[in-house]
Amino acid sequence: MYHGKEVVVKLSEEAEKVYDELNKIVGEEKSKGVESSFHQTLLRSINRIKELLKINPFAGDQVSKFRIPQKYDKKYEAENVWRIELADRWRLVYTINGNQVEIITFIMDIFSHKDYDKVFGYKS
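Heads up, the sequence shown is in the numbering used here, so the first residue is 658 and it goes up one at a time.
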């Protein structure tokens, strides 16, 4: 709940693919006895952030309007875009929508810092 409203966290198809693949890799690693890896750290980080966003959807950093990639406007009609850092310099990008009853935090992308820079037009 955030200010008396239920917060729902949803993942886009792209974000869901990344999340599912990480879950698969982590499951395979755990079945082989691997207790610590990059994938496990990243998955824990994503899960922690998903829980954080349920408590405070505004926990990330808001992206300036002029920096919002057209892909988010066209595909998701995102009028606001937020980013939050994950483990190992990965990024989670989301938008916030809502009404009088609930707030929807929609995760649009989960990607490496390098891919984040490409999407947002930053130079390396």
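Each residue gets a CB set at the ideal place from its N, CA and C atoms; glycine is no exception.
message = Restricting to Cα atoms, I'd like to know which of Pro726, Ala735, Leu710 is closest to tyrosine 773.
response = Pro726
ask   = Would you call valine 691 buried or exposed, if buried means 16 or more other Cβ atoms sit within 10 Å of its Cβ?
value = It is exposed - the Cβ of valine 691 has fewer than 16 other Cβ atoms within 10 Å.
ask   = Roughly how many angstroms lie between the CA atoms of lysine 728 and arginine 740, to the nearest whole one?
value = 15 Å
ask   = With DSSP run on the structure shown, which of helix, strand or coil describes lysine 667?
value = strand
message = To the nearest angstrom, how far is the alpha carbon of alanine 672 from that of valine 665?
response = The alpha-carbon of alanine 672 is positioned some 15 Å away from that of valine 665.
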